[in-house]
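Chemist:
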Amino acid sequence: MIQTSEILKRFFFISILLLFVYSCKEFSNKPHNSDALQDSIQLYIGKANDFTKSDDEVVAYLDKASSFIKSQERDSIYFINKFYVAFIYDNVGKSDQFKNIMLEVVEEATKESDSVNLARAYSYIGEYYSGRMVLDSAVMNFQQAEKIFFKLKDNVSIGRTHVKMALAKYKARDYIGSEKSAVDALNFIRLENNKLLEYEANSLLGVTCIEIKDFDKAKEYFEKSLRIANDEQLENFGKYQTKAASLNNLGIINFKMGYYKDALSYFNQAIKEPLLLEEHPSLYATTLANLAKSKLKSGDFTNLPEEFYKSLRIRENNQSIPEIVNSKIDLSEYYEKIGKADSAKYYAREAYKMAKSTNILNLQLSAIDQLSNVEPENENAYSKEYIKLSDSLLAAERKVSEKFARIEFETDEIMRQKEQLAIQNRNIIFFSLLSLFIVGLLYIIRDQRNRNAQLRLREAQQRANEEIYNLMLSQQKKLDDVVIKEKQRIAQELHDGVLGRLFGTRLNLDSLNKKNDEKAIQNRDHYISELKNIEQDIREISHELNREKFALVNNFVSILHNLFEEQKTISEAILQTKIDTTIDWTKVDNTVKINLYRIVQESLQNINKYANAKTIIVNLLRDNDSMNLTIQDDGQGFDVSKKSKGIGLQNLESRVNSCGGTIMIKSAKGEGTTIEIMMPFEIPVNNKQP
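In terms of my numbering, the sequence shown opens at residue 820 and continues consecutively.
(1) Which stretch, first to last residue, makes up the alpha helix (DSSP H) that contains Val925?
(2) By how many angstroms is the C-alpha of Leu1261 removed from the C-alpha of Phe1383?
(3) Please classify Val911: does DSSP put it in a helix, a strand, or coil?
(4) How should Asn1136 be labelled, buried or exposed, when 16 other C-beta atoms within 10 angstroms of its C-beta is the threshold for buried?
(5) Just confirm the distance between the C-beta atoms of Ser1176 and Ser1139, as a whole number of angstroms; I'd bet it's less than 8 Å.
(6) Taking only three categories from DSSP, how would you classify Thr1434?
(7) Tell me which same chain residues have a C-beta within less than 7 Å of the C-beta of Phe1369, skipping the five on either side of it?
(8) DSSP state of Met1483, grouped into three classes?
(9) Measure from the alpha carbon of Leu1448 to the alpha carbon of each residue in Leu1471, Asp1458, Ala1432 and Ala1430, then state which is nearest.
(10) Quick one: residues in its chain with C-beta nearer than 7 Å to the C-beta of Ser1473, no 5 flanking neighbours on either side, listed in chain order?
(11) Let me check understanding here. Comparing Cα to Cα, which of Lys988, Glu998, Ser932 and Ala957 lies closest to Glu971?
(12) Closer than 6 Å by C-beta to Cys1028: which residues in its own chain qualify, once you throw out the five before and the five after it? Chain order, please.
(13) Please report the Cβ distance between Gln1455 and Lys1488, rounded to the nearest whole angstrom; I am assuming they are in contact, meaning their Cβ atoms lie under 8 Å.
(14) I need the straight-line Cα distance from Leu837 to Leu922, nearest angstrom please.
(15) With burial defined as no fewer than 16 other Cβ atoms inside 10 Å of the residue's Cβ, what is the status of Glu1126: buried or exposed?
(16) If you run the structure through DSSP and keep just helix, strand and coil, what is Cys843?
(17) Could you check the C-alpha separation between Phe1034 and Ile995 for me, to the nearest Å?
(18) How close, in whole Å, do the beta carbons of Ile944 and Asn960 come, if the pair is a contact with beta carbons under 8 Å?
(19) Taking 7 Å as the cut-off, is the beta-carbon of Phe1086 closer than that to any non-hydrogen atom of the ligand SAM?
(20) For Pro1499, name the three-state secondary structure that DSSP assigns.
(21) So the alpha helix (DSSP H) Ile977 belongs to, where does it begin and stop?
(22) Rounded to the nearest angstrom, how far is the Cβ of Ser1117 from that of Leu1083, given a contact under 8 Å?
(23) For Tyr908, which residues in the same chain have their Cβ closer than 8 Å to its Cβ, ignoring the five residues on either side in sequence?
(24) Of the residues Glu1152, Tyr1103 and Asn1197, which one's Cα is nearest the Cα of Phe1120?
(25) Could you tell me which whole alpha helix (DSSP H) segments of length 4 or greater appear in the region 1039 to 1080?
(26) Report the residue from Lys966, Lys930 and Gln1469 whose alpha carbon sits nearest the alpha carbon of Ser942.
(27) Which residues in the same chain as Ala1430 place their Cβ atom closer than 7 Å to its Cβ, once the five residues preceding and following it in sequence are excluded?
(28) Look up Asn868 in the DSSP assignment and say whether it is helix, strand or coil.
(29) Going by beta carbon distance, what residues of the same chain come within less than 7 Å of Asn936, once the five residues before and after it are set aside?
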């Protein structure tokens, strides 16, 4: 019997190991925030992979690795870790844990739209069910994997999945389906020239052809497998004892065709392959049993029945019940051949008893057939049971074939429904996005209209404010003229009134200094009091003049202070201001004052709206014949490198340019904003409006 399932399992485990090592190496060459987490996972996986550890220790390490894996991001390394942990669980007999992890991968890979790992998980779940003879579930999962690999155009994976599917169908005795899957596998494998999988597919085709009695075709496939094993040196790729397996298969086909000497030649070559017993004891036991049977058929009793018993002991150590049954049937045939009826009956009954416990119909048929040979007195009863089992086997094969066909149809139907659902979801998403786009566009248009209306209103308000401010300044100018006239009047009063009184008092005091009588003394006291009154009048006039001068000079400054006080009431930001007292505002052009005021006002409004600042600094300082206005905030800032500027910034630049000044804006996201403006006291002639 061909030894394929164990070779396949070993190959896939080595593949996942190489994939894990490569991925971890690639991962280590990239900067990643979870390096320490991955190091911990690799540490526990490495300990779990230590063959000197007990199964309980391995499971404990795997549990720790699994707890760390849960904290990883759902990337390729995450899935590789889960696959590797699952395979080690399976190696220590925790096959249910293996299945649960694969089911988790299916769910997670579906959420992440990770087709590659989703297909791998389906494939490994199929292997799980195939190993436990739940073959309909195995084929269903293999078909799910194959559909995904087909969409990914991964020919090697498609071929490998078909090989697994062919093996599952072979186990279920669906030989036609197995042959079809193996041929499909070869069609995809040859596109990539993968000799490892080509060997497996040819071996499976050979075994399937034996079951359908096409011995010539089986021999052709086995010879191809042997050529691949010899030419490609598959042992270097992890395919252990492939040459021995191919030689054994060629021996089987020659045995079934009645060419016992040719069969002996192949079995002898196979049994002599180096390390066959150590590396593949099951294959060794099968080859040894086949060798002994060929000797028996050809009448050569050399080393018989020792070779039959040696094969039986190896199979008993491996606890392979179907193989043990075959060994006992072989021993029954041997003892029947040499005329020991009791021993022949004993082993035939033992074989039948064990075969009944397996529920493997073809194994029971072989045991009953041998019983009918060694117990001819019960031949009628055995014949009836044989016919009954044979009919059951045919019905089961037909049922399995129909089930697999139905599964394939249902799988295709599910995939079709999924594709239709995906198209519907895509259409829903498209129309939803289109609707959102239209709604958003309408909202933007409406919002832009509102903004334009607000802008026009704000511009109208600004023009009205400027007119009011111009009227205020004009009124202030008239007031200044009145004050100047009043000052002239006071100066005249001082000159004509106070100075005249001082001159008269001084002359009277000079004349009284020459007299010392009582009356002269009283008159001097009177004039001294008069001098004090004149002094008080002069002081009051001086104070009044100083107040008028202060009010005159600081009229524009007071307007700015009012703006600052208003800012403090509408914003929680701390406002720090400094205005140079050496600036002579009487020499500053009214248009310059208006633009300065509007620049400060607009800047504060922009800070309140957009900056989210905690501190605002406004400095207005003299710089020779110019004024330096600095407005700074510690808000969120903006990117000044953008080509498009807001209306607010355009207004600032327009005001500064109209006064012949310069403006510099410094800002960056998260670093606040600084506006520096240099403004002349008077507007240059070429900037004045005609």
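Ideal placement from N, C-alpha and C gives every residue a C-beta, glycine not left out.
In this text the structure is predicted, and so the values were computed from the model without any measurement.
Modeler: With the structure as the only source:
(1) Within the sequence shown, the letter at position 106 stands for residue 925. Note, Val925: alpha helix (DSSP H), Ser914 to Lys930.
(2) Here the question's residue 1383 lines up with position 564 in the sequence shown. Here the question's residue 1261 lines up with position 442 in the sequence shown. Pairing Phe1383 with Leu1261, the inter-Cα distance amounts to about 39 Å.
(3) Sequence index remark: in the sequence shown, residue 911 carries index 92 (1-based). In this structure, Val911 counts as coil in the three-state DSSP scheme.
(4) Here residue 1136 refers to the residue found at position 317 of the sequence shown. So Asn1136 counts as exposed.
(5) Position 357 of the sequence shown, counted from the start, is the residue given in the question as residue 1176. Position 320 of the sequence shown, counted from the start, is the residue given in the question as residue 1139. Rounded, the Cβ-Cβ distance is 13 Å, inconsistent with contact.
(6) Translated into the one-based positions of the sequence shown, residue 1434 becomes position 615. The three-state secondary structure of Thr1434, taken from DSSP, is strand.
(7) Start at 1 with the first residue of the sequence shown, and residue 1369 comes out as number 550. Note that Phe1369 scores a pLDDT of 46, beneath 50, so its modelled location is shaky and nothing firm can be said.
(8) Translated into the one-based positions of the sequence shown, residue 1483 becomes position 664. The answer is strand: DSSP assigns Met1483 an E or B state.
(9) Locating residue 1448 in the sequence shown gives position 629, counting from the first residue. For the residues Leu1471, Asp1458, Ala1432 and Ala1430, the minimum Cα distance to Leu1448 belongs to Leu1471.
(10) Counting from one through the sequence shown, the residue named residue 1473 turns up at place 654. Result list for Ser1473: empty, nothing under 7 Å.
(11) In the sequence shown, residue 971 corresponds to position 152, counting from 1. Position check: residue 971 holds Leu in this sequence, whereas Glu was assumed. Of the candidates Lys988, Glu998, Ser932 and Ala957, the one whose C-alpha sits nearest the C-alpha of Leu971 is Ser932.
(12) Within the sequence shown, the letter at position 209 stands for residue 1028. The residues are Lys1036 and Ala1037.
(13) Counted from its first residue, the sequence shown places residue 1455 at position 636. Counted from its first residue, the sequence shown places residue 1488 at position 669. The pair is a contact, with the Cβ atoms about 7 Å apart (cut-off 8 Å).
(14) Taking the first residue of the sequence shown as 1, we reach residue 837 at position 18. Taking the first residue of the sequence shown as 1, we reach residue 922 at position 103. Its pLDDT being 44, under 50, Leu837 is placed unreliably in this model, and the value from its coordinates should be taken loosely. Using only the alpha carbons, I get a separation of about 23 Å.
(15) For this step, residue 1126 is matched to residue 307 along the sequence shown. Result: buried.
(16) In the sequence shown, the residue the question calls residue 843 occupies position 24. Any answer about Cys843 is weak, because its pLDDT of 47 lies below 50 and its placement is not dependable; what the coordinates show is given next. Here Cys843 sits in helix by DSSP.
(17) Sequence index remark: in the sequence shown, residue 1034 carries index 215 (1-based). Sequence index remark: in the sequence shown, residue 995 carries index 176 (1-based). C-alpha separation (whole angstroms): 15 Å.
(18) Looking up residue 944 in the sequence shown gives position 125. Looking up residue 960 in the sequence shown gives position 141. Correct: roughly 5 Å between the Cβ atoms.
(19) Absent from the structure shown: the ligand SAM. Ligands present: none.
(20) Walking along the sequence shown from the start, residue 1499 turns up at place 680. Note: Pro1499 maps to strand in three-state DSSP.
(21) Stepping through the sequence shown from its first residue, residue 977 is reached at position 158. Residues Asn974 to Lys990.
(22) Taking the sequence shown and counting its residues from 1, the one referred to as residue 1117 is at position 298. Taking the sequence shown and counting its residues from 1, the one referred to as residue 1083 is at position 264. With a Cβ gap of about 7 Å, Ser1117 and Leu1083 count as contacting.
(23) Position 89 of the sequence shown, counted from the first residue, corresponds to residue 908. The residues are Val878, Leu881, Ser914, Gln916, Phe917 and Ile920.
(24) By one-based count along the sequence shown, residue 1120 stands at place 301. Phe1120 has its Cα closest to that of Glu1152, out of Glu1152, Tyr1103 and Asn1197.
(25) 1061 to 1075
(26) Position 123 of the sequence shown, counted from the first residue, corresponds to residue 942. Nearest of Lys966, Lys930 and Gln1469 to Ser942, Cα basis: Lys966.
(27) Mapped onto the sequence shown, residue 1430 falls at position 611. Closer than 7 Å at Cβ, skipping near neighbours: Asp1452, Gly1454, Gln1455 and Thr1492.
(28) Sequence index remark: in the sequence shown, residue 868 carries index 49 (1-based). If DSSP states are grouped into helix, strand and coil, Asn868 belongs with coil.
(29) Looking up residue 936 in the sequence shown gives position 117. Excluding residues within five positions, the ones whose Cβ falls inside 7 Å are Phe898, Val924 and Ala928.
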